[in-house]
Every structure is written in structure tokens, then in C-alpha cells.
Amino acid sequence: MRLEKFRGIIPAFYACYDDQGDISEDRTNALCDYLYEKKVNGVYVGGSSGECIYQNLDERKAVLSYVANRLKGKMTLIAHVGAPSTRDSIALAKHAAELGYDALSAIPPIYFKLPDSSVYKYWNEIIEATPLEFIIYNIPQTTGYTLTTALFEKLLANPKVIGVKNSSMPTMDIERFKRVGGDNVIVFNGPDEQYVAGRIMGADGGIGGTYAAMPELFLQANEFFLQGKFEEAKRIQSCINDIIIALCSQNGSMYAVIKEVLNRRGVNIGSVRGPLEGISTEDLGRIDRIVTMIDEAVQEFCK
Ligand SMILES: CC(=O)N[C@H](C=O)[C@@H](O)[C@H](O)[C@H](O)CO
Ligand SMILES: CC(=O)C(=O)O
């Protein structure tokens with residue numbers, strides 16, 4: 001099936017900085033290689049986890065290029081091209097199309113609270129700018145905008161719209177989008193804390209901000225789901241949630257903590273950009289514990 005390549009576990013790709021805080025090609029390559037070795041199904045580049053909101057257009061284009069150069073043909077590549085202006089979003093979309101990305105995606109407009117008509121126009125102008133297929137990104141908790149099933153249906157009238165990445169918390173939203181879209185539409189689970197529940201409610205896979213910190217566990221949760229082993233799926237989700245809560249409970253931002261976890265796992269991709277906070281010295285010992293939690297869960301579930 002045409003949409004098969006979008007199923008499964010698609011980590012959100014992190015911003016990879018050098019020690020001065022500039023985008024690092026070498027470190028981007030290192031994260032690409034790590035994810036390839038872990039056998040994830042694809043990557044979602046330049047989204048929230050990519051700190052897109054803190055990078056300029058040239059930096060974002062460079063990241064899209066580095067990842068495509070390293071991973072094109074090896075896994076599914078989705079480019080997040082949402083930017084404050086339609087103009088910049090289109091520039092990124094065209095760049096991603098030239099690089100051979102498999103699909104585009106974008107958040108709705110941010111900062112100004114715009115009506116549905118503007119949101120519709122924004123997404124459509126991006127969609128019309130390239131031949132690529134498009135995945136809507138619904139993430140009300142960060143954008144303040146909630147995609148309705150009515151607007152989703154209207155967008156689906158364009159065959160280039162192939163699905164939605166849904167990060168709202170009710171898993172019922174996944175079920176409703178799937179109901180409207182049917183089998184020819186991909187719905188991605190957003191909240192990593194309920195990956196298993198999202199799958200049961202109809203999600204075809206997931207795109208997640210914590211997957212890359214523990215890809216083995218999400219790949220295994222997906223396997224348990226596919227095998228109908230729901231008790232095991234529930235248990236691994238509980239372990240994942242203990243880990244996510246720990247990732248979110250430090251002085252540093254979740255992304256800074258994840259980057260230190262990755263560093264301990266052998267992949268140095270630097271820290272985060274302000275206003276996101278880096279880790280503190282008190283976080284260091286607690287991050288040791290998080291790495292142990294991941295290692296123990298991998299040992300327990302991934303045979
Ligand atoms: C609000 C937000 O950023 N959601 C991400 C995307 O859906 C998730 O993948 C989270 O990073 C993850 O569920 C951890 O809370
Ligand atoms: C989760 C996600 O889509 C992102 O962080 O970009």
C-alpha cells in the first residue's frame with residue numbers, strides 16, 4: 001500500500017549543536033547513524049524536538065539537507081516546514097521537495113490567533129507549493145489551535161493530504177480523525193505517554209519527541225501491539241511513562257535531558273538553545289538513573 005512507509009515508529013529528530021551552539025553537520029550525521037542502527041521506520045525532521053522555533057531559515061534548510069544526505073533511501077523522511085510566515089514555510093517546503101523528502105508537515109500558524117479560513121489557506125499554500133504529500137500537525141497545547149474534524153475533512157478533499165500527526169491528549173481524537181479519513185489516511189499518535197492507547201484507538205504509527213531516547217522500547221511496544229500482546233504492551237508503556245516523567249522532572253528542559261541521555265548512550269548532539277534550559281549539575285546524577293531505567297527496560301522487554 002502507498003502509505004505503508006509511514007507506519008511504525010518515527011522519532012522526531014533533535015537539533016544537533018556543536019559546543020558553541022551552532023548547527024553541527026557531524027553531530028547531525030551521528031544522530032542519523034544511531035537512528036538507522038536502531039531500525040526506526042523514519043524520522044520527522046525540524047519539528048518541536050528539532051527546536052525549529054529557535055532556528056533561522058538557513059539553519060533549518062541546512063538540517064534538512066544534512067539528514068537527507070545521510071538517510072535518503074534508508075528510511076522514511078518527513079520534513080516539518082511550519083514557520084511563522086507562509087513565505088518561509090513555502091521556502092522550506094520547496095527545499096525539502098528538492099531533497100527528495102517523502103512528505104511535508106506543518107503546525108498551524110502561531111502567535112496570532114487566526115480563524116480557520118487563514119489556517120486552511122496557510123496549509124493549502126504550502127501543499128500547493130510542491131508535489132509532495134502533506135501531513136497536518138495538530139498540537140493544541142503548544143500552538144493554541146485545535147484542528148476540528150470538519151476542517152480535517154475539508155483538507156482531505158485534496159488528495160495530497162495523507163494524514164495528521166495528532167498530539168492532543170484525548171485518544172478519542174485519533175479515533176475521530178481515523179473515522180473521517182478512513183483507511184486511506186494515516187493518523188500518527190502524538191503523545192508518547194499513550195502510544196499503545198493511540199494504536200488501539202486507530203493510530204497507524206507514531207511520531208514522538210522521546211522515541212529517539214529509547215527507540216528500542218517504542219519499537220518493542222509497537223511489536224507487542226501488532227502481535228496482540230496487550231498485557232506486555234501495557235507493561236512496556238508503563239515503564240516508558242516512568243522514564244518520560246523522569247525526563248520531564250529535571251531542572252533542564254526535557255530536550256536537554258534527552259540530549260544528555262543520548263550522550264551517555266554514545267551520541268553527543270550538544271545541548272539546547274535558550275530559552276530552553278540546559279541541564280544543571282544536580283541533574284547529572286539523576287540522569288544516570290534515567291539511563292539505568294532505560295537499560296533495565298530494554299533488558300526486560302527487548303529480547
Ligand atoms: C507537546 C509535545 O511536544 N508533544 C510531542 C509530540 O507530539 C510528544 O512527542 C512529547 O514530546 C512526548 O509525548 C513527551 O511528553
Ligand atoms: C514530536 C514531534 O513531532 C516533534 O517533536 O517534532
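The letter at position 288 of the sequence shown is residue 288 when you use UniProt numbering, and the numbering goes up by one with no holes. C-beta: ideal position from N, C-alpha, C; glycine also. All of these numbers come straight from a predicted model, not from anything done at the bench.
For residue i, the residue or residues it bridges with in DSSP
i	result
Ser105	His80, Ile135
Tyr17	Ile23
Val187	Val164
Tyr44	Ala12, Ile78
Ile207	Ile10
Closest by C-alpha distance to residue i, when choosing among the options
i	options	result
Ala106	Leu99, Tyr122, Lys113, Ser117	Tyr122
Val63	Arg27, Asp88, Ser167	Arg27
Val185	Ser118, Ile162, Asp192, Ile290	Ile162
Phe218	Ile139, Ile294, Leu114	Ile294
Ala129	Glu153, Pro108, Val81, Phe112	Val81
Gly144	Tyr137, Ile110, Gly47	Ile110
Ala93	Lys74, Ser168, Leu57, Glu153	Leu57
Ile269	Ile23, Glu4, Arg2	Ile23
residue 313	Glu277, Glu300, Arg273	The structure shown has nothing for residue 313, since the chain only spans 1 to 303.
Ser249	Ile236, Glu231, Phe225, Ile290	Ile290
Asp102	Ser89, Phe112, Asn124, Leu71	Leu71
Asp18	Ala79, Asn158, Asn29	Asn29
Ser48	Leu35, Val119, Lys165	Lys165
Leu31	Glu59, Ile9, Val67	Val67
Asn251	Ile244, Lys61, Ile279	Ile279
Asn158	Ile135, Leu147, Ser167	Ile135
Gly79	Lys61, Ala150, Thr292	Reading off the sequence shown, one finds Ala at residue 79, where the question assumed Gly. Among Lys61, Ala150, Thr292, the Cα nearest to that of Ala79 is on Lys61.
residue 305	Ile10, Gln299, Gly182	Beyond the ends of the chain as shown, which are 1 and 303, falls residue 305; an answer cannot be given.
Cys52	Asp116, Phe13, Thr86	Phe13
Ser167	Gly209, Ser271, Lys5, Leu247	Gly209
Phe6	Asn241, Ile240, Leu104, Thr142	Leu104
Cβ of residue i within 8 Å of any chain B Cβ
i	result
Lys165	Checking the listed chains, one finds no chain B in this structure; it contains a single protein chain.
(message) Could you check whether the stretch 173-184 touches the stretch 252-262, counting it as contact only if at least three pairs of C-beta atoms, one from each stretch, sit closer than 8 Å?
(response) no
(message) Going residue by residue through the stretch 250-280, where are the continuous alpha helix (DSSP H) segments of at least 4 residues, counting only ones entirely within it?
(response) 254-264
(request) Taking 5 Å as the limit, tell me which residues put their C-beta closer than that to any heavy atom of ligand 2, in chain order. (result) Ala12, Gly47, Ser48, Ser49, Ile207, Gly209
(message) Does the structure place the stretch 281-293 close enough to the stretch 192-207 that three or more beta carbon pairs sit under 8 Å?
(response) no
(request) Only counting runs of 3 or more residues, tell me where the beta strand (DSSP E) segments fall wholly within the stretch 86-130, in order along the chain. (result) 103-106
(message) Across the stretch 261-268 and the stretch 181-199, are there enough close Cβ pairs to call them in contact, namely three or more that are closer than 8 Å?
(response) no
(request) Mind the definition here: the stretch 225-233 touches the stretch 206-214 only if three or more C-beta pairs lie below 8 Å; say whether that holds. (result) no
(request) Quick one: which unbroken alpha helix (DSSP H) runs of 4-plus residues sit fully inside the stretch 212-248? Chain order, please. (result) 215-226, 230-247
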